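The structure under discussion appears below in the form of structure tokens.
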Amino acid sequence: MTPSHNTEPTCSISTFNHVGERSGGHPRGPGQQLLLAAAATLILGGCYAPMIMSESDADIVLSHQEISGPSPAEPGSFAVRTMFYGSENDINRPEYRDSVTIVTDSVDASKLVQLGDQARSRNDYWGFTTEGFPLNGRVWYPEGEGTFPLVLVVHGNHDPTDYSDPGYDYLGELLASRGFILVSVDMNFINGGIRGENDGRGWMLLKHLEAWKGFNEDPENPFYGMVDMDNLAVMGHSRGGEAVAHAASFNRLSHYPDDASLTFDFNFNLKSIVAIAPVDGQYLPTDRYVPLQDINYLVFHGSHDGDVSSFHGLRQWNRITYPNGGDFFKSAVYMYRANHGQWNTVWNSFDNGPRSARRLDLRYLVDREEQRRFAELYISSFLEITLKGEDRWRPIFRDHRVIGEWLPKTMYVTQFQDASFQALATFEEDIDVTTGSMKGVRIRGDSLATWKEGKMVLRSQNRGNTSSTQENQAIWLGWNNNIAGPGDRVGPAAQLELAIPSGMASGMDLGSGSSLDLQLVVTGKEPRPRADPDEDEAADDENAASRENEAEANEDEDEDEAEEEDAPVTPVDLSIEIEDASGRTARVALSEYGAIREPLEIRILRRPDQEAAAVHSEMVLQSFHIPVGDFGGINAGQIRAVRLVFDRTDKGEVVVDNIGFSQMDPSFWSARVRN
């Protein structure tokens, strides 16, 4: 995708309201106002580098609206009420000390959270120790009869004195109006300069669920009989986004992995988790990343996140499996120009706190209300599906183009996979590039300039026990159909074939209601023309040498970039072909099923010299779902080959992953984009 340049440096004052106010225009305390005023002065007194962004295709991609009726981001029919519960031992939070409707017992978190040399100052400030952590929560709930699904949300790390739990008020108001009970859980007392505490955050969420089980069973409690304990979800932001995965894992364990003297007995019917710009791997139970299975998972991340600088949630997405089938699904969404803090109305624009105004370029960010509207839309529809069975919203996750009128007008990269997915090739099993994931599937390449498997990388390395990869293997495929030498000669289109053994398709129960799924992203590289097959051996040797020099040529790409900026770019497209046992073939263009893009351009920092050292894109795969019925004339039960045919663009390179088949949910057929 061609970057869009604002060629002149600018001096901006447009961020003043972001600096000086919280959402809604409520001023901060005097000390923070002074700090923020200083930050504003620095912004107003300095000039920005030219803006560099990917050219938006939102007008085309989001030009469809295939789902009718009010958006799931619109308020529902219930009046909303609020209240607080707490342990009454927090000397700094009057709402949890003096205004609680329900008094809760404190809990002993000392085996999970260690305060180190900060223990004394923290204990003095809060008025309690890790042996007496409070269970504090602010609640939004529907007014009316009935039982309602329960959803907990927990913030991440932030200045512990700038309380984070009020920052999900917009979600509380929306979800309660639509018939959910939402609790924003207070864990500000865990925030600050401690590390490795995300297991404690996850455990605390389960202790809150334990308290809610008691509320629901107590005839004297205002929530008696109101809570649908069979439909539970937990959500988390930043470190909280990692903590929800730990909560889901601990929920099914009998012992704490790092100290078996601490036993668990939770076993809640936790159906769904939502991770908002999460970290991953800051806590590693038994020194391993947390695996999860048989749970619904939604994760989203902003490209211009100035705190969690890479889409770490992709790693958890890849670790979730569905060995027992069922109706589960997982979804990942990458939102262009969204940041870290605007998901929370307290944090707002300044990732890493107000001081970050000195280093972050806020001009790139989408409007904060638009960013939160995206969160409302996706979280509400996800919970409606997974906790209430409202499957009419499911197409939103399979193909976001179906709700183009509801989405903020920016770009999105989306991933979706459900429990019905059967993988032909995930490229994870071995080092043999000719074998697939299912026994007997063989992979063949024809006329490819690049054919290799490798790990996908993250944009940059975050602090803590994390790595710089997505912990995910994929395949790199490059092609150039042009033939080297004089003239405009073009050879047969390069392709990759997955050959399927006889009988496998019928065993997979494939039919017109199935879909062929794959994930893909364009790298932006262009291999050299292929060797002339009619040349003699010497010419072949010369061509081989030129290929060896390709790596050196790639190193010079940055020097040539300025000269090539204005050159026309041909968008990458390719055909997907299916062949059945009778030899019948059918092709479709991949571009009919979603946007095929290069990684989106990212600039986060104000100073060009700092930004120059950064990686300016994140390689995020886009999921494509092609109904098998779109391959006209093919016997779906006798498919014997799937091919990626590079016949629509003469040269390019792509990364591909997770090729396989799944069953299309019935709701898809009533809401799909037809180009």
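Heads up: the sequence shown is residues 858 to 1532, going by my numbering.
Glycine is no exception: its CB is placed at the ideal position from the N, C-alpha and C atoms.
Small disclaimer: the values here were computed from a predicted structure and weren't measured.
Exercise. Is the beta carbon of residue 1515 less than 9 Å from the beta carbon of residue 1287?
Worked result: no
Exercise. Taking residue 929 as the reference, which of 1148, 1241 and 974 has the closest Cα?
Worked result: 1241
For this session: Determine the closest residue to residue 1154 out of 1140, 1177, 1164 and 1166, with distance taken between C-alpha atoms.
Result: 1177
Exercise. Quick one: what does DSSP say residue 1438 is sitting in, helix, strand or coil?
Worked result: coil
For this session: Pick out whichever of 986, 1335 and 1359 has its Cα sitting closest to the Cα of residue 1502.
Result: 1335
Problem set entry | Supposed close pair residue 1147, residue 1090 - CB separation, criterion 8 Å | Incorrect: roughly 17 Å between the Cβ atoms, too far for contact.
For this session: Identify whether residue 1485 lies in helix, strand or coil by the three-state DSSP scheme.
Result: helix
Problem set entry | Beta-carbon proximity check, residue 1138 vs residue 1169, cutoff 9 Å | yes
For this session: State the Cα-Cα distance for the pair residue 1505 and residue 1472, rounded to the nearest angstrom.
Result: 30 Å
For this session: Just the C-alpha distance for residue 1217 and residue 914, rounded to the nearest angstrom, thanks.
Result: 25 Å
Exercise. Counting pairs of beta carbons, one from the stretch 1045 to 1065 and one from the stretch 1013 to 1020, are three or more of them closer than 8 Å?
Worked result: yes
For this session: Determine the direct distance from the alpha carbon of residue 964 to that of residue 988, and round the result to whole angstroms.
Result: 7 Å
Problem set entry | Where the beta strand (DSSP E) through residue 939 begins and ends | 936 to 943
Exercise. Based on Cα-Cα distance, which residue from 1192, 1207 and 1193 lies nearest to residue 1199?
Worked result: 1207
For this session: Return the residue from the list 1126, 1509, 1134 and 1116 that minimises the CA-CA distance to residue 1454.
Result: 1509
For this session: Just mark residue 1456 as buried or exposed, buried being the case when its beta carbon has 16 or more other beta carbons within 10 Å.
Result: buried
Exercise. Fully enclosed by the stretch 1218 to 1262, which alpha helix (DSSP H) runs are 4 residues long or longer?
Worked result: 1225 to 1245 and 1252 to 1255
Exercise. How long is the line joining the alpha carbons of residue 1275 and residue 1151, rounded to whole angstroms?
Worked result: 10 Å
Exercise. Do you know offhand how far residue 1477's Cα is from residue 1001's?
Worked result: 43 Å
For this session: Measuring alpha carbon to alpha carbon, tell me which of 1252, 1441, 1219 and 1041 ends up nearest residue 925.
Result: 1252
For this session: Starting from residue 1158, follow the alpha helix (DSSP H) in both directions and report where the run begins and ends.
Result: From DSSP, residue 1158 is part of no alpha helix (DSSP H) but of the beta strand (DSSP E) over 1153 to 1159.
Exercise. If you check the beta carbons only, do residue 1362 and residue 1163 fall under 9 Å apart?
Worked result: no
Problem set entry | residue 1413 classed as buried or exposed, judged by whether at least 16 other C-beta atoms fall within 10 angstroms | Low local confidence applies: a pLDDT of 48 at residue 1413 is under 50, so the model's placement there is unreliable, with the coordinate-based value given in what follows. So residue 1413 counts as exposed.
For this session: Going by CA-CA distance only, name the one from 1309, 1166, 1467 and 1487 that's closest to residue 1443.
Result: 1487
Problem set entry | 6 Å Cβ shell around residue 1142 - same chain, five flanking residues per side excluded | 1114
For this session: In angstroms with no decimal places, state the Cα-to-Cα distance between residue 938 and residue 1040.
Result: 12 Å
For this session: Grab me the residues of residue 1419's own chain with a C-beta within less than 7 Å of its C-beta, minus the 5 sequence neighbours each way, in chain order.
Result: Any reading at residue 1419 is ruled out, since the residue's pLDDT is 39, under 50, leaving its predicted position unreliable.
Exercise. Where residue 1394 and residue 1387 are concerned, what is the direct C-alpha to C-alpha distance, given to the nearest angstrom?
Worked result: Low confidence applies here, because residue 1394 scores a pLDDT of 48, under 50, leaving its location unreliable; read the following figure in that light. If you take the alpha carbons of residue 1394 and residue 1387, they lie about 14 Å apart.
For this session: Use the C-beta contact count for residue 1360: other C-beta atoms within 10 angstroms, 16 or more gives buried, fewer gives exposed.
Result: exposed
Problem set entry | DSSP bridge partner residues for residue 1130 (one or two, in chain order) | 1091 and 1154
Exercise. What's the C-alpha gap between residue 1507 and residue 1429?
Worked result: 9 Å
For this session: Have a look at 1345, 1390, 1312 and 1277 and flag the residue whose alpha-carbon is nearest the alpha-carbon of residue 1521.
Result: 1277
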